[in-house]
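What follows is a set of notes on a single structure, which appears directly below.
Residue numbers (this note's numbering): -15 to 625.
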């Protein structure tokens, strides 16, 4: 696992400044503390930071062969098979690294090589003989890649935003629609970043730059359409059970390939327990497992992880995070580069820091919930859809809409227990209901928080419109499949994978995600929701396929989810202290938010009339982000018109 940087000058007679390239690359030291390398060919420069996982003694990057240069971040799990194929074509290898295999794959197959790769990757190739730059990101967006044009027209690429903003010719203006994404969803959805003129390369996309016409527009192209695989064609368990189990075990065993110590994140839930159990099955020694607990028992499931580790013989280490541990806010801003509100990033960072002291690679259960309908909101939507289908749209909207208006508003209850929320959801569309359920702040609350200036700059945009646009691309009529497509194209890449990549790589730890093996994903996305969801179960394919490896206390317990007790954490901070920070800090200076709305929000939360913890947390994160990047500049200087 590594960090990559590339700089392409706007003209052939331009020259890459080595000092600046080194400065940009150094910002990614945490991604690759084991080595660094640079390649400069006048108007093109590549930088690289290496975390050694395979062939530790070799594998220095950028790697070059016959005028083709590669800077690569990731792991190609089928590199041994590809190497055999390439050797049959006459290629001769000098190392046991997947990076060299990737380079020769480009030489043999060009851009079509991405279709042969099974793994997680983000890479940049400078093909001098063909006078082109080729950039690619893996199918699911496990590894990050950003790009931008400087004020001088130069092109920059990098693993993280901080490497791009380290360039002196990058303008940092906020993107209003990215602000809306953050405050409604908790992250900025691809391909946007918080900055107007800096972008994420979307998952499953490539960029090809013809260096003979450098003034052309950058046009990312999709090489793998997830929409092609999202269907409900498989309706019988026997048609997929065997394939699912085989592909899952294969994905886990492939991700155990390493020349350094590896382990597993173990929560005690079904996803991580299956991974750990299969790893132990394929290991000759006890595997390393790591868990984290909280000092509030209702959030703490580390007991189950410890119990499973003892029963299956893992070498287990547990750590904990305190309810009063709010010292990570500025660290989170530094780690994520743009506002990121998922407060479970804190325990993820702590867990990664502990694991990194013992292993260099950890396997994680991320992606299983999106693939197998594992979230509570999925089950609620499944129930809602059954009710929706029982009534004509006109009757349903009128009846439930009227009841929602009459029903008392119990705002302190969990969302799924609020009758008013449920009735409103039944009156609306499935997509609107789901958007409301997963939003960290409801659109009505955002309307109270946004200033007239920000509302005008948004020009009617909301993250709901993003969801609706994605849903229209779903090729089947089942709303649950449309929701699954939305999850994969928004929350998975923008939230879950971003959280894990930055938190782990800040600790120089590589995290691998078996449930996002694209062979497994392609097959499983064709399964009807009913194969995973029922009134009493979620993720049935996983449970049925691997329950023989696990004790009943794992297979029969309810999902807890990996979250932090943010509502109670924030009530430990004096209300006046929070008001002072938000009414006098950088956030207030922008004029983008209503200070009165913020004050009311804080009063309601501390008086326990509402649970606004995530909204307050997102305001604090945004304020810290602004202070780091802009100080107290006025909004007209930092927000794109």
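Glycine is no exception: its CB is placed at the ideal position from the N, C-alpha and C atoms.
For residue 325, there is no enclosing beta strand (DSSP E), as DSSP marks it with neither H nor E. If only uninterrupted alpha helix (DSSP H) runs of at least 4 residues are considered, none is enclosed by the stretch 21 to 46. Within the same chain, and ignoring the five residues on either side of residue 75 in sequence, the residues whose Cβ sits closer than 6 angstroms to its Cβ are 88.
Under DSSP, residue 17 shares a beta bridge with 34. Under the 10 Å beta carbon count, residue 143 is surrounded by 16 or more other beta carbons and is classified as buried.
Short of 6 angstroms from the beta carbon of residue -11, and not among the five residues preceding or following it, lie these beta carbons of its own chain, in chain order: 8, 9, 31, 142 and 147.
Across the set 197, 84 and 49, the C-alpha of 197 shows the shortest separation from the C-alpha of residue -8. The Cβ-Cβ distance between residue 162 and residue 177 falls below 8 angstroms. The stretch 98 to 108 and the stretch 152 to 171 do not touch, with fewer than 3 CB-CB distances between them shorter than 8 angstroms. Runs of the alpha helix (DSSP H) lying entirely within the stretch 317 to 357 and spanning at least 4 residues, in chain order: 329 to 339 and 352 to 356. Burial of residue 420 is indicated by the presence of at least 16 other C-beta atoms within 10 angstroms of its C-beta. Sequence-distant Cβ neighbours of residue 511 in its own chain, meaning closer than 6 angstroms and more than five residues away, are 218 and 224. In this structure, the CA atom of residue 13 is about 30 angstroms from the CA atom of residue 260.
Distance from residue 202 to residue 120 at the Cβ level is roughly 14 angstroms; contact not present, criterion being Cβ atoms closer than 8 angstroms.
A Cβ-Cβ distance of about 14 angstroms is found for the pair residue 424 and residue 451, leaving them out of contact under the 8 angstroms criterion. CA-CA distance, residue 449 to residue 324, rounds to 20 angstroms.
Between residue 44 and the set 26, 63, 66 and 17, the nearest pair of CA atoms involves 17. The count of Cβ pairs closer than 8 angstroms, one atom from the stretch 70 to 85 and one from the stretch 164 to 181, stays below three, leaving the stretches out of contact.
Contact check between the stretch 481 to 501 and the stretch 322 to 341: three or more CB pairs, one atom from each, fall below 8 angstroms, which counts as touching. Scanning 590, 592, 576 and 598 for the CA closest to the CA of residue 623 turns up 576. Short of 8 angstroms from the beta carbon of residue 583, and not among the five residues preceding or following it, lie these beta carbons of its own chain, in chain order: 563 and 567.
Less than 8 angstroms divides the Cβ of residue 349 from the Cβ of residue 256. In this structure, the alpha-carbon of residue 66 lies about 17 angstroms from that of residue 56. Judged by DSSP secondary structure, residue 77 falls outside any alpha helix (DSSP H); it is assigned neither H nor E.
Assigned with DSSP and collapsed to three states, residue 300 falls in strand. Counting only residues of its own chain and dropping the five nearest sequence neighbours on each side, residue 28 has a CB closer than 6 angstroms to the CB of -8 and 110. Residue 56 has 107 as its beta-bridge partners, per DSSP. For residue 122, there is no enclosing beta strand (DSSP E), as DSSP gives it neither H nor E. Distance from the CA atom of residue 24 to the CA atom of residue 35, rounded to whole angstroms, is 21 angstroms.
When DSSP assignments are scanned along the stretch 474 to 504, the uninterrupted stretches of alpha helix (DSSP H) that are 4 or more residues long and fall wholly within it turn out to be 482 to 489. The beta carbon of residue 517 sits closer than 7 angstroms to those of 357, 362, 363 and 366, all from its chain and outside the five residues before and after it, given in chain order. Using a C-beta cut-off of 8 angstroms, the stretch 454 to 470 makes no contact with the stretch 311 to 319, since fewer than three inter-stretch Cβ pairs fall below that distance.
Under the three-state reduction of DSSP output, residue 461 falls in the coil class, being neither helix nor strand. Looking at the backbone, the Cα of residue 413 and that of residue 58 are separated by about 39 angstroms.
Around the Cβ of residue 200, a 10 Å sphere holds fewer than 16 other Cβ atoms; the residue is exposed.
Counting along the chain, the unbroken beta strand (DSSP E) around residue 194 starts and ends at 189 to 194.
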